[in-house]
Amino acid sequence: MDANCFFSKRIENCNDKILETENDELIEYWQSVILPDLIHKGERALTRDETVLYIQNDCLCKRIKKAIRDDGSLTEQNDINFIAKMISEYAVAENAVIPDYVTKVWL
9 MDANCFFSKR IENCNDKILE TENDELIEYW QSVILPDLIH KGERALTRDE
59 TVLYIQNDCL CKRIKKAIRD DGSLTEQNDI NFIAKMISEY AVAENAVIPD
109 YVTKVWL
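Residue numbers (the working numbering): 9 to 115.
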């Protein structure tokens, strides 16, 4: 599998995971607010440094969770965390950061 296919597949995976929830509120929020914002590198997009921190620590970005909470569309913490994780996974693919989990060296 070439690198472009890998990254495209990861982004599709985020969309698929959102759709699999069958949660209309999450799906609508992702499609109408989050995805356009990510495509235009808006305030909900992770920086490269935040993306690397996510890969290293598997910790969701507090700035992103606050932005989601401040939108007021989602109130359940599990939903906020889920969208924050999908944003993080999207950023990993978008920034082409490939983790080497054995040595923690970033290619």
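Note that beta-carbon positions come from the ideal geometry of N, C-alpha and C, so glycine has one too.
For clarity, every value in this text was computed on a predicted model and none was experimentally measured.
Measure the alpha-carbon distance for residue i versus residue j and round it to whole angstroms.
| i | j | result |
| --- | --- | --- |
| L34 | T59 | 22 Å |
| A75 | Q64 | 22 Å |
| T29 | E84 | 14 Å |
| Y62 | Y98 | 11 Å |
| A77 | N103 | Ala is not the amino acid found at residue 77; the sequence shown has Arg there. Their Cα atoms are separated by approximately 24 Å. |
What are the boundary residues of the alpha helix (DSSP H) that includes residue i?
| i | result |
| --- | --- |
| I42 | That residue, I42, is in no alpha helix (DSSP H); it is neither H nor E in DSSP. |
| N89 | 85-102 |
| K49 | No alpha helix (DSSP H) contains K49, which DSSP labels as neither H nor E. |
| T29 | Unbroken run through T29: none, as it is neither H nor E. |
| A75 | 70-79 |
| D66 | Where D66 is concerned, there is no enclosing alpha helix (DSSP H), given that its DSSP letter is neither H nor E. |
Are the CB atoms of residue i and residue j nearer to each other than 8 Å?
| i | j | result |
| --- | --- | --- |
| L43 | I72 | no |
| S96 | V41 | no |
| D45 | R52 | yes |
| L68 | K49 | no |
Rounded C-beta distance between residue i and residue j? I'm assuming under 8 Å.
| i | j | result |
| --- | --- | --- |
| I91 | Y37 | 7 Å |
Using 8 Å as the limit for Cβ to Cβ distance, is residue i near chain B?
| i | result |
| --- | --- |
| I72 | Going by chain labels, chain B is absent from the structure shown, which holds only one protein chain. |
Please tell me whether, using a cut-off of 7 Å, the distance from the CB of residue i to the nearest non-hydrogen atom of the ligand NAP is below it.
| i | result |
| --- | --- |
| M94 | Ligands are entirely absent from the displayed structure, and the ligand NAP is therefore not among its contents. |
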